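Data block below; observations after.
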Amino acid sequence: MEPHFHEKEHQWEMFVVQSGVLKVTLHNPDGSSITSFLIGDEQDVHAVEFEPGDVHSVECISDRALILEIKEGPFIEEQAKTLLKF
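Residues 1 to 86 (full-length UniProt numbering) make up the sequence shown, in order.
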C-alpha cells in the first residue's frame, strides 16, 4: 500500500496481523521516510493504529499475510484515503 493518509477526524485506522509479517513505514508529508518497523509473526508488535493525518505505507514482506483492518465508518471509497503526490 503506497504512502497515504486519512483526512477526516474520524478516519483512524488499525491493522492487526493474524499471520505473516508487514513492514510499516511512517512518512513526512513530502513522502520521505521517518521510520519503519515490522509487525506480525515473530515480532514484538502484532498491531498498529494510525491517527487521522498520519502518513503511512504498509508492505507485506512475508510470502502471504492475513490482516484485520479496522476503521470507523461510514466507509466512502472516494474519501477513504489521500495519496501523496511526489
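Even glycine gets a Cβ: it sits at the ideal position worked out from N, Cα and C. Keep in mind the model is a prediction, meaning the values are calculated, not measured.
If you draw a straight line from the Cα of E2 to the Cα of V58, it comes to about 7 Å. In this structure, H27 and H56 form a Cβ contact; the two beta carbons are roughly 7 Å apart against a cut-off of 8 Å. Excluding five sequence positions before and after H10, the CB atoms of its chain that fall closer than 7 Å to its own CB belong to E72, given in chain order. Distances from the alpha-carbon of W12 to those of D54, Q18 and Q43 put D54 closest. Secondary structure within the segment 4–32: the beta strand (DSSP E) runs of 3 or more consecutive residues, fully enclosed, are 13–19 and 21–27 (chain order).
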